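In my numbering, the protein residues as written are 4 to 206.
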Amino acid sequence: MTRGRFISFEGIDGAGKSTQHAWMVDYLRRQGHVVVATREPGGTALGEKLRTLLLSDAMHLETEALLMFAARREHVAQVIAPALARGEWVVCDRFVDASFAYQGGGRGLDWKKLEALAQWVLGDLQPDLTLLFDAPVEIAQRRLHAATANPDRFEQEQAAFFEKVRAAYLRIAAENPGRVRLIDATQTPDNINKLLENIIATI
Ligand code: TYD
Numbered sequence: 004m005t006r007g008r009f010i011s012f013e014g015i016d017g018a019g020k021s022t023q024h025a026w027m028v029d030y031l032r033r034q035g036h037v038v039v040a041t042r043e044p045g046g047t048a049l050g051e052k053l054r055t056l057l058l059s060d061a062m063h064l065e066t067e068a069l070l071m072f073a074a075r076r077e078h079v080a081q082v083i084a085p086a087l088a089r090g091e092w093v094v095c096d097r098f099v100d101a102s103f104a105y106q107g108g109g110r111g112l113d114w115k116k117l118e119a120l121a122q123w124v125l126g127d128l129q130p131d132l133t134l135l136f137d138a139p140v141e142i143a144q145r146r147l148h149a150a151t152a153n154p155d156r157f158e159q160e161q162a163a164f165f166e167k168v169r170a171a172y173l174r175i176a177a178e179n180p181g182r183v184r185l186i187d188a189t190q191t192p193d194n195i196n197k198l199l200e201n202i203i204a205t206i
């Protein structure tokens, strides 16, 4: 049995990551892989209920972080770990880096608290590859506003919030050069697809 791979997609809202996630799932299936396409927060029945709360209800920033990790705990137990054990590919639209970038960078929650939660919930589990879609906040905001009629609680945040989220993502990329590939999300979708094909060929 070939070993499955775990790939996460990250980036600020409006960077175009969800479109590329859908493309990647389709591409890998065409390559003959068994692919589990999933997302966070969510990915399980309980996780999707938590997602609805997280995207709509105001809450303390630590509650927000804890619910993100509660959803993640369920997701890892029910979906991600079993799929990887079966040798399948898991392609996840956001994973733990989003908690560091949004709750840590964006909201200012103590990084050490997030590290403790990550250690508790994930242990040694990390994506084999994280694709970080990076674009200037102004461009991402413009795309977001053009594409989204009813913005959720995160999408309603101001540019200054996304600047902090973006900076945290770039820091994560700099600190994890072996895992995180930085993608210039201002390129055309076709160019990004070619780049992703090349990256996949190397993992
Ligand atoms: P997103 O992928 O943007 O969903 P959609 O493409 O449907 O809009 O994810 C929803 C939001 O959740 C996004 O704004 C970032 C936020 N989020 C966190 O703040 N922390 C996390 O740990 C995760 C996984 C997501």
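C-beta atoms are modelled at their ideal positions from N, C-alpha and C, and glycine is treated no differently. On a predicted model such as this, the values are computed, not experimentally measured, just so you know.
- When distances are taken from the beta-carbon of Ser-102 to the heavy atoms of the ligand TYD, the shortest one is below 7 Å.
- For Arg-42, the enclosing beta strand (DSSP E) starts and ends at 38-42.
- In this structure, DSSP gives Gly-111 a state outside helix and strand, which the three-state scheme calls coil.
- With a threshold of 7 Å, the Cβ atom of Gln-106 counts as near the ligand TYD, since some heavy atom of the ligand is closer than that.
- Here the region 15-27 makes contact with the region 188-197; the two share three or more CB pairs at distances below 8 Å.
- A contact is defined here as three or more CB-CB pairs under 8 Å, and the region 112-126 fails this definition with respect to the region 172-192.
- In the DSSP assignment, Phe-72 falls within the alpha helix (DSSP H) that extends over 64-78.
- Rounded to whole angstroms, the Cβ separation of Leu-87 and Phe-9 is 6 Å, and the two are in contact under 8 Å.
- Using a cutoff of 7 Å, the CB of Pro-130 does not count as near the ligand TYD, since none of the ligand's heavy atoms is closer than that.
- Going by C-alpha positions, Ile-142 is about 8 Å away from Ala-18.
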